[in-house]
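Position in the sequence shown counted from 1, then plus 200, gives you the numbering used here.
All residues carry an ideal CB built from backbone N, CA and C; glycine is no exception.
These numbers were taken from a predicted model, which means no experiment stands behind them.
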Amino acid sequence: MRLKSYTAPSMAEAMHMVRLELGVDAIIVSTQRAAGGKGVRITAALEPSDVEEAISEMLAEAHSTPAAEVVRDALIEHGLPARLIERLVNAVHTNAIEDAETACSAALEAGFTFAPLPDHGAPRPFMLVGPPGNGKSMVVAKLTARSALRNRRVGVITADNVRAGATEQLAAFTRILQIDLISARGPESLRRAVENATGQYDIVFIDSPGLNPFKLTDMEYLSALVEAANVEPILVLAAGSDAMEAAEIGEAFGTIGATRLLATRLDTTRRLGSIMAAADAAPLMFCDVSATPHVANGVTPINAATMARMLLPAPLQTPRAKSAKTTTEASL
Ligand SMILES: Nc1nc2c(ncn2[C@@H]2O[C@H](COP(=O)(O)OP(=O)(O)OP(=O)(O)O)[C@@H](O)[C@H]2O)c(=O)[nH]1
Ligand SMILES: [Mg+2]
201 MRLKSYTAPS MAEAMHMVRL ELGVDAIIVS TQRAAGGKGV RITAALEPSD
251 VEEAISEMLA EAHSTPAAEV VRDALIEHGL PARLIERLVN AVHTNAIEDA
301 ETACSAALEA GFTFAPLPDH GAPRPFMLVG PPGNGKSMVV AKLTARSALR
351 NRRVGVITAD NVRAGATEQL AAFTRILQID LISARGPESL RRAVENATGQ
401 YDIVFIDSPG LNPFKLTDME YLSALVEAAN VEPILVLAAG SDAMEAAEIG
451 EAFGTIGATR LLATRLDTTR RLGSIMAAAD AAPLMFCDVS ATPHVANGVT
501 PINAATMARM LLPAPLQTPR AKSAKTTTEA SL
């Protein structure tokens with residue numbers, strides 16, 4: 201049983217019916233005038249979880265505008281956690297904008313921070329961190345290429361001396377760009393490398409080893425790298441995984457100081473729930489996204505408007521499941 205309603209001429213009689221059928225432990229969810237204004241209608245439940253669900257449903261009904269419904273359906277489709285959906289839908293309801301895309305964009309603006317990475321220069325080096333295989337080294341190559349093409353002096357350091365072939369993977373790109381790849385082995389070596397780079401470059405990117413967010417020694421090692429060189433850690437996370445898992449990964453990298461989230465593999469996924477859950481849980485600012493395995497034009501800044509376009513179904517397009525391009529590719 202979830203909820204049951206009882207209608208009687210008076211409150212006392214309705215309460216009597218509730219107690220008779222559900223017993224003294226019944227939880228009163230709502231009391232209201234019965235339909236037609238005659239008598240009283242009490243809604244009650246036995247389980248606290250039923251009450252919580254009923255309240256969410258009542259709130260959802262109260263927040264049901266056409267724009268809010270479009271946004272809610274889209275967020276459910278994208279697999280966001282329920283509480284995040286409620287928060288964003290409430291924001292849509294509050295901003296009272298009729299157009300769903302504009303309303304969604306305003307809600308995202310209120311709920312998240314968007315701070316794209318600079319391509320011209322930065323006072324602190326950026327260190328790309330994250331779980332193994334999520335695209336850190338490719339992001340370093342992409343960011344390096346982007347700044348180099350704008351004639352900036354780019355310093356590239358790899359602190360990944362864990363995976364065999366990691367240095368050579370990155371060197372293959374830096375060679376083409378005629379940039380020296382600096383290798384650092386451990387926190388002290390990274391500190392020296394960053395110190396030597398200071399003043400020589402407009403912007404510095406650091407690759408890091410793929411580490412396990414749920415293994416204490418891995419995160420301690422990463423924390424030591426971050427602190428030794430006073431870098432800004434950017435979490436690189438591939439989209440498309442389980443939202444709860446991603447939220448825990450986001451939190452873990454948030455604790456070592458990650459500030460922004462750079463989402464990858466948006467070309468091979470259709471749902472943004474996991475990256476949104478990660479950014480919300482840590483919390484992390486959204487910066488750029490990657491929707492290609494190639495280095496050229498490899499990263500694109502993201503803002504609330506582009507994210508809203510990615511989330512909502514495109515009007516007058518073939519249904520999501522049949523479209524040749526992912527929603528993301530089409531929106532970027
Ligand atoms: N399709 C697609 N593939 C990507 C994207 N970003 C990275 N990849 C691919 O993902 C794979 C792993 O990328 P890496 O950059 O080596 O990942 P990593 O995080 O450095 O991996 P480790 O150093 O082993 O932890 C490579 O085959 C990349 O080409 C993307 O946005 N889209
Ligand atoms: Mg790597």
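- Membership of residue 266 in the alpha helix (DSSP H) is indicated by the continuous run 266–277.
- If you draw a straight line from the Cα of residue 343 to the Cα of residue 435, it comes to about 14 Å.
- In chain order, the residues that have a beta carbon nearer than 5 Å to some heavy atom of ligand 2 are 336 and 337.
- Residues of the same chain with a CB within less than 6 Å of the CB of residue 202, apart from the 5 flanking positions on each side, are 250 in chain order.
- Membership of residue 292 in the alpha helix (DSSP H) is indicated by the continuous run 282–295.
- Take the alpha-carbon of residue 327 and the one of residue 307: they are about 30 Å apart.
- Rounded to whole angstroms, the separation of the alpha carbons of residue 208 and residue 464 is 59 Å.
- Taking 8 Å as the upper bound for CB-CB distance, residue 284 and residue 477 are in contact here, some 7 Å apart.
- Residues 344, 374, 379, 381 and 405 of the same chain have their beta carbon placed closer than 6 Å to that of residue 356, with the five preceding and five following residues left out of the count.
- Burial is judged here by how many other beta carbons sit within 10 angstroms of a residue's own beta carbon; residue 433 has at least 16 and is buried.
- CA-to-CA, the gap between residue 324 and residue 252 works out to about 46 Å.
- The alpha carbon of residue 443 has as its nearest neighbour, out of 317, 480 and 468, the alpha carbon of 480.
- Residue 332 has its Cβ nearer than 6 Å to a heavy atom of ligand 1.
- Judged by DSSP in its simplified three-state form, residue 298 adopts coil rather than helix or strand.
- Scanning the segment 393–461 from its first residue to its last, the whole alpha helix (DSSP H) runs of 4-plus residues come out as 416–429 and 443–455.
- Residue 250 has its Cβ no nearer than 6 Å to any heavy atom of ligand 1.
- At a Cβ-Cβ threshold of 7 Å, residue 454 and residue 426 do not count as neighbours.
- For residue 480, the uninterrupted alpha helix (DSSP H) run begins and ends at 473–481, by DSSP.
- Nearest in C-alpha terms to residue 347, of all of 497, 487 and 502, is 497.
- Of the other Cβ atoms in all chains shown, 16 or more fall within 10 Å of the Cβ of residue 293; this residue is therefore buried.
- In the displayed model, residue 501 falls within a strand according to three-state DSSP.
- If you look at residue 238, you'll find it isn't in any beta strand (DSSP E); DSSP assigns it neither H nor E.
- Listed in chain order, the beta strand (DSSP E) runs fully inside the segment 301–349 are 326–329, counting runs of at least 3 residues.
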